Structures are given as structure tokens and as C-alpha cells.
Amino acid sequence: MGENNNSIQGLNLVIIDQHGSTVRNLKGLLSLAGAQVLLAGDFATANLLLDQQAIQIFLLDVDSLAEEDFNQFIELRQRAEGARFILFSERDNLDAAGLQVEACLKKPIDPKGLMQLLQQGPGHTEPQHHALRPVGPLVDTLRPYLLFRSPLMHRVLGLLPQMAANPHSVLLTGETGTGKEMVARAIHALSPFKSGPFVAVNCGAIPESLIEGELFGHEKGAFTGAQAMRRGKFELAQNGTLFLDEMGEMPLALQARLLRVLEERRFFRIGGEKEVLVHLRILTATQVDLEQAVEKGLFREDLYYRLNVLRLHLPPLRERREDIPLLAWHFLERAFEEMGRKKPFPLLSEATTELLQRLPFKGNVRELRNLVTRLAAMLPPEVSEISPEILKLYYPESIRFLNRPFPQDSLPEGGGIWEEKKPGIWIPQGTCLEEAEKILIQEALRSHGGNRTHAAKELGIGVRTLRRKLNES
Numbered sequence: 042m043g044e045n046n047n048s049i050q051g052l053n054l055v056i057i058d059q060h061g062s063t064v065r066n067l068k069g070l071l072s073l074a075g076a077q078v079l080l081a082g083d084f085a086t087a088n089l090l091l092d093q094q095a096i097q098i099f100l101l102d103v104d105s106l107a108e109e110d111f112n113q114f115i116e117l118r119q120r121a122e123g124a125r126f127i128l129f130s131e132r133d134n135l136d137a138a139g140l141q142v143e144a145c146l147k148k149p150i151d152p153k154g155l156m157q158l159l160q161q162g163p164g165h166t167e168p169q170h171h172a173l174r175p176v177g178p179l180v181d182t183l184r185p186y187l188l189f190r191s192p193l194m195h196r197v198l199g200l201l202p203q204m205a206a207n208p209h210s211v212l213l214t215g216e217t218g219t220g221k222e223m224v225a226r227a228i229h230a231l232s233p234f235k236s237g238p239f240v241a242v243n244c245g246a247i248p249e250s251l252i253e254g255e256l257f258g259h260e261k262g263a264f265t266g267a268q269a270m271r272r273g274k275f276e277l278a279q280n281g282t283l284f285l286d287e288m289g290e291m292p293l294a295l296q297a298r299l300l301r302v303l304e305e306r307r308f309f310r311i312g313g314e315k316e317v318l319v320h321l322r323i324l325t326a327t328q329v330d331l332e333q334a335v336e337k338g339l340f341r342e343d344l345y346y347r348l349n350v351l352r353l354h355l356p357p358l359r360e361r362r363e364d365i366p367l368l369a370w371h372f373l374e375r376a377f378e379e380m381g382r383k384k385p386f387p388l389l390s391e392a393t394t395e396l397l398q399r400l401p402f403k404g405n406v407r408e409l410r411n412l413v414t415r416l417a418a419m420l421p422p423e424v425s426e427i428s429p430e431i432l433k434l435y436y437p438e439s440i441r442f443l444n445r446p447f448p449q450d451s452l453p454e455g456g457g458i459w460e461e462k463k464p465g466i467w468i469p470q471g472t473c474l475e476e477a478e479k480i481l482i483q484e485a486l487r488s489h490g491g492n493r494t495h496a497a498k499e500l501g502i503g504v505r506t507l508r509r510k511l512n513e514s
């Protein structure tokens with residue numbers, strides 16, 4: 042006999058039921074039908090399961106949800122792109138279309154009707170990297186410009202929308218390759234100046250003798266070779282945003298003129314007699330410690346305070362390793378698309394992803410992008426999964442980091458506990474016992490794909506104790 046395309050055999054199915062009521066009784070029925078059935082007592086657990094494997098179906102008892110829980114439901118639905126959502130309730134007025142789910146079924150549940158619905162559905166969903174997709178209002182706002190999911194980046198970028206909404210200068214700091222220009226573009230796109238141009242200038246890449254003309258332009262005949270009037274970057278950014286990168290490399294003599302322009306919003310072109318008025322937003326970035334540069338007399342103190350109205354420091358990639366799988370897949374997918382390769386694209390194996398998270402990436406996000414692009418370009422067409430062996434072939438330096446714990450220099454600032462047996466767990470100093478316990482429980486569940494028996498064994502507690510700590514019945 043041929044394979045039954047309407048079967049739920051082999052599908053991963055999650056039942057979300059916070060109070061352990063009617064829905065959980067369906068586990069036996071669905072398991073007998075061939076599905077792998079996982080139970081989640083809350084949305085945090087459901088998200089952990091989604092991090093570990095592709096989930097095709099979510100069953101949810103909405104009667105157990107408080108009003109504030111619906112935000113978490115919406116976020117999970119957005120994150121689990123391509124998955125089927127079926128809701129259960131005693132209410133008659135739930136609108137499946139309005140909730141953007143497949144169906145809303147009335148309780149008590151008819152097992153036969155549920156099975157027919159599941160079997161008539163779209164069937165197996167192709168494994169996707171939707172488990173990597175970040176979620177949350179901040180992520181949704183910044184998604185076209187920035188990709189992140191780490192708690193650190195949520196904290197760092199939490200005020201970015203408010204920064205963007207006002208006209209003040211923003212100073213972006215951080216190591217090279219951390220994405221300062223991408224953040225600048227996000228600020229521009231979310232600002233009142235978004236309808237104007239975004240003009241970027243790398244102050245460190247322009248010879249000192251030319252940078253004044255590059256910024257302010259010149260009149261015809263201002264110097265030998267000036268055969269026509271040329272507008273500078275300040276004029277080109279009119280009614281938009283001017284991004285001055287590598288600000289710490291600007292010559293000291295030019296800093297005084299820049300300060301005056303920032304204060305008066307007017308200047309003369311080189312050789313000009315008529316003032317040019319400008320209306321624009323100034324963003325600056327540097328990997329140099331400007332405070333130290335001020336102390337050494339290499340940077341004007343008054344200019345520093347003029348630029349440092351709002352400040353945002355981007356952490357290096359080694360301090361936000363949770364973002365590496367998301368970024369690696371994004372760059373890999375983009376590289377394949379640019380090459381014209383047809384889907385399905387080769388995937389990064391779990392072991393390869395873990396190896397990537399152990400690499401130092403001294404060049405930060407830029408280095409990760411270049412590495413992944415190299416992999417995509419050199420990968421043989423018959424390869425469907427990128428293993429650590431393939432990674433080592435095109436990036437031999439990675440051999441030194443295979444099976445090595447996360448580097449100690451990647452630890453966040455401040456005191457805390459680093460769990461060597463489970464690399465990746467960092468418990469900051471000052472964390473209360475309840476919160477530390479929650480971190481360990483979530484990591485154990487993540488490591489074992491939501492299996493409570495295995496997670497409890499690793500934690501040295503009983504399954505009943507674990508369920509009690511998860512507030513499950």
C-alpha cells in the first residue's frame with residue numbers, strides 16, 4: 042500500500058494546556074496515531090520545544106489563558122511560521138480567522154472530529170528554520186534592519202525606537218564589525234527624517250587633506266582642479282540623516298568647524314561666500330574610546346559632549362552568542378539566493394551551529410557573514426547539510442574550537458557563575474535563587490527537547506518535583 046498523505050504519522054505536535062485539563066487526555070489518542078506528542082504547561086516551555094525541533098501542530102486550550110497570555114500566544118504563532126494552530130474552548134464566539142488559526146473547536150472535544158481535522162490538513166510541513174526566528178514587539182519593529190534574539194541585545198536596543206523619534210545626535214560605540222552602520226540606518230528609518238536621504242561617511246577612510254571638501258563641498262575655482270561647484274555630504278544629506286563613521290579618526294583641526302556646523306546648522310563651502318543652511322540628523326560612530334581621546338588631547342571635549350547627547354553601545358558577538366545561529370542562517374540563506382541556488386537550501390547541522398557559537402569571531406558580525414558567504418560559495422551542489430567537517434574544510438581554524446566550552450572571554454561583564462558542564466549557562470551575580478533555578482530548569486528542558494523525565498534526571502530531582510516547579514498538575 043502507498044503512504045497515507047493524510048496521516049499524522051511522524052508529525053511533532055505540542056499541546057499547550059496550563060491547567061492540565063481536557064486537552065491532555067488527547068495525548069494517548071494522538072500518540073497511537075503516530076504523532077510525537079509533547080506537553081507544554083506554558084508558552085515558555087512551548088518556545089523551548091520550538092527551539093529544539095520543527096513543530097507542525099499546536100493544540101491550545103484557550104480557556105486556561107489569562108488576558109495577558111494572549112500576547113504570548115500571538116508571539117508564538119508569529120514565530121512558528123508554517124505551523125498549524127488549533128484552539129479549544131467552551132465558548133462559541135471564537136473566530137478562527139480573526140485569531141489567524143486553522144480552527145476553533147468547541148469543548149468537550151470530539152476525538153474523532155479532531156482526528157479527521159488533523160488528517161485533512163496540509164500534512165507534513167517542510168522543516169524550516171522558523172525555530173530561529175526572533176519574536177517580540179521590539180524585534181518586529183527593527184526586523185527589516187537588525188536581527189537579534191539575545192536578551193543582551195533586547196536590553197541594548199530597547200530604547201532605540203525612542204532615540205530615533207527625536208532629532209538629537211546619537212553616538213554609537215562598539216568594536217569594528219558589530220553593526221553600527223546597520224543601527225544607524227534603523228534609527229534613520231524610524232526617525233522623522235526617514236523621508237530624506239541617508240548619507241554615510243567613513244571619516245577614517247578619507248585622507249586628511251580631502252575630508253573637509255568631502256563634508257562641506259567646494260565652489261568652482263576654489264583650488265586647482267576645482268572645475269565645477271561640488272556639494273559636500275552635509276548638503277547631500279539635507280532633510281535626512283548624516284552618519285559619520287569612525288568619528289575618532291577625524292583630524293583635530295576639522296573638529297572645531299564641525300562643532301560650529303552642529304551648533305549653527307550653517308556653513309560655507311570651501312572658497313564660498315554664501316552660507317548654506319542645513320536641516321538634518323547627525324549620527325556618529327566610533328570604535329575609539331572618545332573619553333580617553335579627550336584626556337589625551339586628541340578629541341575636542343566640547344565636540345564630544347555635543348555628539349554624546351544619546352549613546353548606544355553595541356556589544357561584540359562573543360557576548361551575544363545566542364544570536365549566532367539566527368545570523369548564520371540569515372547570511373547563508375541570503376548568499377544562496379544571491380547565487381541563484383534553488384530551494385531547499387542546505388542546512389546547518391546542530392553540531393555545526395554549536396561549533397559556530399564557540400568561535401571567537403574577533404571581527405564580530407562582519408566576520409560571521411564573510412565565513413558563511415564563503416561556505417555558500419564553495420559548497421558542492423550535492424551537499425544538503427553543512428557538517429562540522431565541511432566547516433573545518435573551509436575554515437580550518439575552527440578545529441581548535443571543536444568540543445571546547447564557550448571561551449571565558451565571552452562572559453558578560455560583572456560577577457556570576459559559569460556552568461562548565463553545560464556551556465552556555467551564565468547566572469549573573471545577584472540572581473535570586475528562584476530565578477537561578479528557573480534558568481537551570483529551562484536549559485535542562487532545552488537540552489532534552491522538552492523531555493521532562495530526562496531533564497529531571499539531569500537536575501537530580503523527580504519528575505513530579507519538576508512539574509511542580511513548572512506549575513504543572
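This note's numbering numbers the first residue of the sequence shown as 42 and each following residue consecutively. Idealized CB from N, CA, C, for every residue including glycine. These figures come from a predicted structure and were not determined experimentally.
- The Cβ-Cβ distance between Gly404 and Gly215 does not fall below 7 angstroms.
- The DSSP-derived three-state label of Glu316 is strand.
- By the criterion of a C-beta distance shorter than 8 angstroms, Gly154 is surrounded in its chain by Leu146, once the five residues flanking it on both sides are discounted.
- For Leu212, the beta-bridge partners assigned by DSSP are Thr325, Arg352.
- Listed in chain order, the non-local C-beta contacts of Ile57 below 6 angstroms within the same chain comprise Ala81, Ala87, Leu101, local neighbours out to five positions each way being set aside.
- According to the DSSP assignment, Phe402 belongs to no alpha helix (DSSP H), since it is labelled neither H nor E.
- As a beta-bridge residue in DSSP terms, Cys145 pairs with Leu128.
- In this structure, the straight-line span from the alpha carbon of Ala418 to that of Pro356 is close to 29 angstroms.
- By the Cβ rule, the segment 357 to 366 counts as touching the segment 184 to 201, because three or more pairs are nearer than 8 angstroms.
- Pairing Leu117 with Leu299, the inter-Cα distance amounts to about 48 angstroms.
- The Cβ atoms of Leu368 and Tyr345 lie no closer than 7 angstroms to each other.
- Taking the Cα positions, Arg120 is about 18 angstroms away from Tyr186.
- By the Cβ test, the segment 257 to 266 is not in contact with the segment 237 to 246, since fewer than three Cβ pairs between them sit closer than 8 angstroms.
- The closest CA to that of Ala144, considering only Leu183, Val103, Gln113, Phe111, is found on Val103.
- Cβ neighbours of Leu159 within its own chain (closer than 6 angstroms, five residues either side excluded): Ile49.
- The C-beta distance from Leu397 to Ile431 rounds to 12 angstroms, too long to fall under 8 angstroms, and the pair is not in contact.
- Gln113 and Ile98 have their C-alpha atoms some 17 angstroms from each other.
- The beta carbon of Leu303 sits closer than 7 angstroms to those of Ile323, Arg347, all from its chain and outside the five residues before and after it, given in chain order.
- Note on geometry: alpha-carbon atoms of Ile127 and Ser105 lie some 15 angstroms from one another.
- Put simply, the backbone Cα of Ala74 is about 15 angstroms away from that of Asp151.
- If you compare the alpha carbons of Asp343, Ala269, Glu249, Asn207 with that of Pro292, the shortest gap goes to Glu249.
- Counting every other CB atom within 10 Å of its CB across the protein chains shown gives Val406 a total of 16 or more, marking it as buried.
- Buried is the label assigned to Ile427, since at least 16 other Cβ atoms lie within 10 Å of its Cβ.
- Annotation for Val335: Arg341, Glu342, Tyr345 place their beta carbon closer than 8 angstroms to its own, counting only its chain and skipping 5 residues before and after.
- Excluding the 5 residues flanking it on each side, Gln279 has same chain C-beta neighbours closer than 8 angstroms at Gly237, Pro238, Val319, His320, Leu321, in chain order.
- Collapsing the DSSP output to three states places Glu426 in a strand.
- Annotation: Ala269 to Phe275 spans about 18 angstroms, alpha carbon to alpha carbon.
- By the criterion of a C-beta distance shorter than 7 angstroms, Phe402 is surrounded in its chain by Leu358, Arg359, Glu408, Leu409, once the five residues flanking it on both sides are discounted.
- When rounded, the separation of the alpha-carbon atoms in Val329 and Asn349 is 14 angstroms.
- Under the DSSP assignment, Ala85 falls in the alpha helix (DSSP H) whose first and last residues are 84 to 93.
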